[in-house]
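Peer 1: Under UniProt numbering, the first residue of the sequence shown is numbered 1, with each subsequent residue one higher. Note that beta-carbon positions come from the ideal geometry of N, C-alpha and C, so glycine has one too. Quantities reported herein were computed from a predicted structural model and do not represent experimental measurements.
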Amino acid sequence: MMDHTLLELLEQEQGNYLSGETISKAMNVSRTAVWKQIRKLEERGYVIEASRKLGYRLVSKPDNLSPEKLSELLQTNRFGRSLRLLDVVDSTQNEAQRWAEDGAPEGAIVIAEQQLGGRGRMGRSWVSPYTKGIWMSLIMRPSTPIHFAPQLTLLTAVALCRSLRKSTGLEIGIKWPNDLLISGKKISGILLESAAEDERIKYVIAGTGISVNLDISDYPEELLERATSLSIQAGRRFSREQVIADFLLEWEQLYDLYLKDGFGAIQTLWEALAVTLHQEVTVQTPQGQLEGRATGLHESGALELLLSSGELRLVFSGEMGQPSSAQ
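Structure, rendered in structure tokens:
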């Protein structure tokens, strides 16, 4: 491919400038074609400095995930032991679903360097630039009734929140049901999609998008007030392999605890990390908008909402507005 040849030319110069004329002659293409290839490399995360007098020089390369490094860091028994690391995909959820239908083992994960059609809850799109975050889907095969699937969403949120708090030192909290916030801004979203047979779960695809090393320039301006990344908040970059390994270990341990002892311990952990409890909240449900005080989680995984009328309503699905005093 042409851009590989261009990349080789830039790498050979070891950070020194290479004129556009020299590049076009070496590749036997026009100066316009060179510029187009420069743009393609920049879209893939390469930083290339351009000078009208001097030409082009390679400043930095994208920080691609290393499957070898991730394998060395893994401490799990199942989660992450079967891995498909892809470059650019429409959605890791779609890739994992196809793999699950083909018999992928429990704990198998699909990770992409970039998603072109990444999706969140309520059909929203998800900003997922090349090599900047963790766009991952994991396959679970619990032998439980389908109505327990919402508990797995809450479990995933607890595992991710606990692992990120440990590895970053940031005060991260959970907004019901599964958004992770820092200072009221979203840094991660979780989407679980299930397939069932005879009222029991056949498999669950748990998709997580984690904004790890995104810069302010990676976000559309309209998202900056409500979205952020770990690196923006911490003022430093993080090893994505280490973040993944820490998350998978916490996730597997809590998942095994859940299979052994049920939802009780997960419920307690979720409530301890929630930023939306004991506050007046607004929840948009399929049946309409509800307002009340979020008092806790029901053992089913539903949100307990105390209405002004005194009625305690269980909310199984909905979208909560921003809490009044999120962490």
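1) Could you tell me the alpha carbon to alpha carbon distance between L269 and S163, rounded to whole angstroms?
2) Using three-state DSSP, classify P145 as helix, strand or coil.
3) For the candidate residues Q75, E42, R78, K69, whose alpha-carbon lies nearest to that of P62?
4) Pairing CB atoms from the segment 184–196 with CB atoms from the segment 224–243, are three or more of them under 8 Å?
5) Per DSSP, what are the beta-bridge partners of R57 in this structure?
6) Examine the Cβ distances between the segment 79–89 and the segment 47–60 and report whether three or more of them are shorter than 8 Å.
7) Who does A112 pair with in a DSSP beta bridge?
8) Sorted by chain position, which residues of the same chain lie with C-beta nearer than 6 Å to L116's C-beta, five sequence neighbours on each side aside?
9) For a test of the three-state rule: what should DSSP assign to T295, helix, strand or coil?
10) Determine, using beta carbons only, whether G184 comes closer than 8 Å to chain B.
11) Determine the extent of the alpha helix (DSSP H) in which L230 is found, giving its start and end residues.
12) Which residue from T92, I109, T22 puts its Cα closest to that of I244?
13) With distances taken from CA atoms, which of I38, V29, R31, N28 is nearest L10?
14) Does the beta-carbon of E299 have 16 or more other beta-carbons within 10 angstroms, so that it is buried, or is it exposed?
15) Determine, using beta carbons only, whether T153 and R200 come nearer to each other than 8 Å.
16) Can you have a look at V281 and say buried or exposed, based on whether 16 or more other CB atoms are within 10 angstroms of its CB?
17) Tell me the DSSP secondary structure of R121 in three-state form.
18) With DSSP run on the structure shown, which of helix, strand or coil describes A33?
19) From which residue to which residue does the alpha helix (DSSP H) around D261 run?
20) What first and last residue would you give for the beta strand (DSSP E) that runs through I210?
21) Can you have a look at A112 and say buried or exposed, based on whether 16 or more other CB atoms are within 10 angstroms of its CB?
22) For a test of the three-state rule: what should DSSP assign to A195, helix, strand or coil?
23) How big is the Cα-Cα spacing for C161 and I172?
Peer 2: So, from the listed chains and residues:
1) Start at 1 with the first residue of the sequence shown, and residue 269 comes out as number 269. Start at 1 with the first residue of the sequence shown, and residue 163 comes out as number 163. Each residue's alpha carbon lies about 13 Å from the other.
2) Stepping through the sequence shown from its first residue, residue 145 is reached at position 145. Strand.
3) In the sequence shown, counting from the first residue as 1, residue 62 sits at position 62. Residue E42 is the option with its Cα nearest to P62.
4) yes
5) The sequence position of residue 57 within the sequence shown is 57, counting from 1. Its beta-bridge partners are E49.
6) no
7) Walking along the sequence shown from the start, residue 112 turns up at place 112. Beta-bridge pairing links A112 to L86, W135.
8) Start at 1 with the first residue of the sequence shown, and residue 116 comes out as number 116. Here the set comprises D90.
9) Translated into positions along the sequence shown, residue 295 becomes position 295. T295: strand per DSSP, three-state reduction.
10) This model lacks chain B altogether, as it is built from one protein chain only.
11) Taking the sequence shown and counting its residues from 1, one reaches residue 230 at position 230. 230–234 is the extent of the alpha helix (DSSP H) around L230.
12) Start at 1 with the first residue of the sequence shown, and residue 244 comes out as number 244. Out of T92, I109, T22, I109 has the C-alpha closest to the C-alpha of I244.
13) Within the sequence shown, residue 10 is the residue found at index 10, counting from 1. Of the listed residues, the one whose Cα sits closest to L10 is I38.
14) Taking the first residue of the sequence shown as position 1, residue 299 is located at position 299. Exposed.
15) If you number the sequence shown from 1, residue 153 lands on position 153. If you number the sequence shown from 1, residue 200 lands on position 200. Not a contact, by the Cβ cut-off of 8 Å.
16) Residue 281 sits at position 281 when you count from the first residue of the sequence shown. The residue is buried, with at least 16 neighbouring Cβ atoms inside 10 Å.
17) By one-based count along the sequence shown, residue 121 stands at place 121. Low per-residue confidence applies at R121: pLDDT is 47, beneath 50, and the placement is therefore not dependable, though the value from the model is reported in the following sentence. In this structure, R121 counts as helix in the three-state DSSP scheme.
18) In the sequence shown, counting from the first residue as 1, residue 33 sits at position 33. Residue state, collapsed to three classes: helix.
19) Locating residue 261 in the sequence shown gives position 261, counting from the first residue. From DSSP, the alpha helix (DSSP H) with D261 extends over 240–261.
20) Stepping through the sequence shown from its first residue, residue 210 is reached at position 210. That run of the beta strand (DSSP E) goes 200–210.
21) What you label residue 112 is simply residue 112 of the sequence shown in a count that begins at 1. Buried is the call here.
22) Translated into positions along the sequence shown, residue 195 becomes position 195. Here A195 sits in strand by DSSP.
23) In the sequence shown, counting from the first residue as 1, residue 161 sits at position 161. In the sequence shown, counting from the first residue as 1, residue 172 sits at position 172. In a straight line, the C-alpha of C161 is about 6 Å away from that of I172.
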